[in-house]
Amino acid sequence: MQAPSLLRTALSRRSPSLATCTRAQTHLAALRPRSPAYTPPIAASSIAHASRRCYSTPATPPQPQQPRQQEEVQQEEQEKPEPPDHLTPGERAVFDKLLNSLSPVSLSVRDISGGCGSMYGIEIESSVFKGMSVVKQHRLVNEVLREEIGGWHGVQLRTGGGG
């Protein structure tokens with residue numbers, strides 16, 4: 001019996017037996033064309049090329065960085081973020097406290113409670129955070145704003161190493 005007719009027989013019955021289905025699958029598998037496993041010969045040049053390592057860094061070691069000029073350091077210290085004109089008195093108090101305590105590179109304070117001052121969104125980047133985990137960064141901000149946070153409903157923080 002041919003495989004297609006065996007399969008037709010198996011499908012025409014309401015509940016074909018397991019043996020009939022298995023035989024039909026076996027016959028169908030035998031009819032499928034199989035491609036022979038072919039592996040192309042490997043050229044000696046490609047083996048030599050594969051054995052060489054490729055580096056993404058230059059062969060010469062990087063030159064040590066020049067110490068920063070004192071003027072550059074002073075200029076960076078003077079580039080503190082300026083408070084926007086649209087800050088509410090509550091936002092301005094938080095902004096000033098963080099600006100003086102953590103010397104941020106960038107700082108954003110928003111009253112996200114609808115204007116009542118019970119929840120603030122704070123985004124701050126400071127070199128003080130360099131090397132600290134996010135949890136430690138948040139703890140530091142919470143410590144600076146301990147008194148203010150006591151009267152708030154909540155605070156959203158985004159911190160970063162800033163530089």
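FYI, the UniProt record's numbering numbers position 96 of the sequence shown as 96, with every residue one higher than the one before it. Yeah, the Cβ is synthetic: ideal placement off N, Cα and C, and Gly gets one too.
Of the other Cβ atoms in all chains shown, fewer than 16 fall within 10 Å of the Cβ of E79; this residue is therefore exposed. Cα atoms of F95 and V109: separation of roughly 6 Å, rounded to the nearest angstrom.
Listed in chain order, the non-local C-beta contacts of V134 below 8 Å within the same chain comprise T159, local neighbours out to five positions each way being set aside.
Within the same chain, and ignoring the five residues on either side of S127 in sequence, the residues whose Cβ sits closer than 8 Å to its Cβ are S103, V105, G161, G162, G163. In the three-state reduction of the DSSP assignment, L102 falls in the helix class, which pools H, G and I. For I149, same chain residues with a beta-carbon under 8 Å away, outside a window of 5 residues either side, are N142, V155 in chain order. Going by DSSP, I112 is part of no alpha helix (DSSP H) at all; its letter is neither H nor E. Taking all protein chains shown into account, E91 has 16 or more neighbouring C-beta atoms within 10 Å of its C-beta and is therefore buried.
Counting C-beta atoms within 10 angstroms of its own C-beta, E125 has 16 or more neighbours from the protein chains shown and is therefore classed as buried.
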